[in-house]
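Take the sequence shown: its letter number 279 is residue 279 in UniProt numbering, and every next letter is one higher. Heads up: the structure comes next, in structure tokens.
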Amino acid sequence: MWRCQIKGKGKCLTSTQLLFHCISPFIETPGEGNHDSRRESEEIDMEGQTTRKRQLASDLFSGFVSGVCCKIVEHPFDTIKVLMQVNGNEVYRNSFDCLKKTVRAHGIRGLYRGIQFPLVGSVAENGLTFVSYGFFKRLVGVTSPDRMTFSQMLLSSMGSGMTISFLLTPVELLKCRLQIEQSCKATTKSTTFGVIRHAVQKDGILSLFRGLSMTLLREIPGTSIWFMTYEMCLKPFIRHGYTRSTIPMSGIISAGSISGFLYWVIIYPIDTMKSIIQTDEHYAAQVSGKGMQRYSMMSKYIAKTIGRIGIKGLYGGLSFTILRAVPANAVLFLSYEYASRFYAHFF
Numbered sequence: 001m002w003r004c005q006i007k008g009k010g011k012c013l014t015s016t017q018l019l020f021h022c023i024s025p026f027i028e029t030p031g032e033g034n035h036d037s038r039r040e041s042e043e044i045d046m047e048g049q050t051t052r053k054r055q056l057a058s059d060l061f062s063g064f065v066s067g068v069c070c071k072i073v074e075h076p077f078d079t080i081k082v083l084m085q086v087n088g089n090e091v092y093r094n095s096f097d098c099l100k101k102t103v104r105a106h107g108i109r110g111l112y113r114g115i116q117f118p119l120v121g122s123v124a125e126n127g128l129t130f131v132s133y134g135f136f137k138r139l140v141g142v143t144s145p146d147r148m149t150f151s152q153m154l155l156s157s158m159g160s161g162m163t164i165s166f167l168l169t170p171v172e173l174l175k176c177r178l179q180i181e182q183s184c185k186a187t188t189k190s191t192t193f194g195v196i197r198h199a200v201q202k203d204g205i206l207s208l209f210r211g212l213s214m215t216l217l218r219e220i221p222g223t224s225i226w227f228m229t230y231e232m233c234l235k236p237f238i239r240h241g242y243t244r245s246t247i248p249m250s251g252i253i254s255a256g257s258i259s260g261f262l263y264w265v266i267i268y269p270i271d272t273m274k275s276i277i278q279t280d281e282h283y284a285a286q287v288s289g290k291g292m293q294r295y296s297m298m299s300k301y302i303a304k305t306i307g308r309i310g311i312k313g314l315y316g317g318l319s320f321t322i323l324r325a326v327p328a329n330a331v332l333f334l335s336y337e338y339a340s341r342f343y344a345h346f347f
């Protein structure tokens, strides 16, 4: 091993010591390097958490706003839809005859019968819909809404549909029963909480979730169609240089209208069966048992109902529902997008 002397120092060093002396300025000590990298990692994590919290708050706020706007527009149409689904041609000639008779008998207020609980439910539903959609988008690796693959859209929307089914089932059960009650000849009308109390006392707390399987069957494919149609309709704007925050109002209205139209045209027969199941006082007696026995009896009930009302009966009230779906979904997505822009600007 050779030795050398550092000028001015009068000290001899081995070759190994000399090599270390030369490269030491470029070597970080282990403690310093780990500390810096850990600090950078923590800063990135904190920034990511802040972004996720902001997105969650934005989805929740925008979902609440869109829920209120949408429900005010759609509830009168929804009342006619349910009356036609349950009573059908036995009482009304068509949807417009149903509208005329309902307004004549109960006034405009009759069209908003039972809106209290659905209004609260709509706020919660839309908040949960967009929050869960955002959650599943992040779960499948979506980093920007402007760049989503088909599979990411499908999985995210299916997850959202499954999630909201558990909220929608009791909300729609109460809404349907209140809407149907006004077409009966009973002199006393129930309140929302009266319907809840009656259902729980008669069949237990789980009776509020009657029709859950039909709601899942409706919402998982239905929400997928709904979100994916909307996203695909916005794709041309993205390709022409727009971002989600700059897409014009006309584009949002068109995309929302088309998505609402396709949603109801495709899943309407399932929704009709759900409404019948939720308003049939004798359903619990006809469909009992557990496991496969219950599903076998449910299948027989559905087949019997279709035999009674016919395939045409499954589409009772569809025309009015389409008239509702187009403006309601246009308002829903428009209010959501502009509420999101408002939140991003002021918060």
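Just so it is clear, CB atoms sit at the ideal spot from N, CA and C, and this is done for glycine as well. These numbers come from a predicted model, not from an experiment.
Would you mind giving the Cβ-Cβ distance between residue i and residue j, rounded to the nearest angstrom? I have them listed as a contact below 8 Å.
i	j	result
Gly-63	Asn-126	4 Å
Ser-245	Arg-341	6 Å
Taking 9 Å as the cut-off, decide whether the C-beta atoms of residue i and residue j are in contact.
i	j	result
Ser-66	Ala-344	no
Ser-275	Gln-85	yes
Ile-266	Tyr-301	no
Tyr-268	Leu-314	yes
Ile-270	Met-214	yes
Phe-130	Gly-159	no
Ser-58	Phe-347	yes
Leu-173	Phe-150	no
Cys-98	Asn-87	yes
Thr-50	Arg-177	no
Trp-226	Ser-157	yes
Arg-324	Pro-76	yes
Val-123	Val-68	yes
Tyr-242	Phe-333	no
Quick one: using the 10 Å Cβ neighbour count with 16 as the cut-off for buried, is residue i buried or exposed?
i	result
Leu-139	exposed
Lys-81	buried
Gln-201	exposed
Val-91	exposed
Met-249	exposed
Glu-281	exposed
Leu-175	It is Lys, not Leu, that sits at residue 175 in the sequence shown. Per the 10 Å Cβ criterion, buried.
Val-309	The residue asked about is misnamed: residue 309 is Ile in this sequence, not Val. When all chains shown are included, Ile-309 counts as buried.
Gln-5	With a pLDDT of only 48 at Gln-5, under 50, the local geometry of the prediction cannot be trusted, and the value read off the model is given with reservation. Exposed is the call here.
Thr-163	buried
Gly-110	buried
Thr-169	buried
Phe-320	buried
Ala-105	exposed
Ala-330	buried
Between residue i and the rest of its own chain, which residues show a CB-CB distance below 7 Å, the 5 nearest in sequence each way excluded?
i	result
Leu-234	Ile-247, Gly-251 and Ala-255
Gly-161	Glu-219, Ile-220, Gly-222, Thr-223 and Ser-224
Pro-327	Val-73
Leu-318	Tyr-268
Gln-179	Thr-79, Val-82, Leu-83, Arg-113 and Gly-114
Lys-101	Tyr-92
Leu-154	Ser-224 and Met-228
Ser-95	Ile-80, Met-84, Gly-317, Ser-319 and Phe-320
Who are the near neighbours of residue i in its chain, counting only those whose CB is closer than 6 Å to its CB and skipping five residues on each side?
i	result
Val-142	Met-148 and Gln-152
Ser-207	Ala-199
Gly-121	Val-171
Leu-217	Ile-270
Phe-237	Ile-247 and Gly-251
Ser-335	Val-65, Ser-66 and Cys-69
For residue i, which residues in the same chain have their Cβ closer than 8 Å to its Cβ, ignoring the five residues on either side in sequence?
i	result
Gly-134	Gln-55, Leu-56 and Asp-59
Thr-305	Met-273 and Ile-276
Leu-167	Gly-121, Ala-124, Glu-125 and Leu-128
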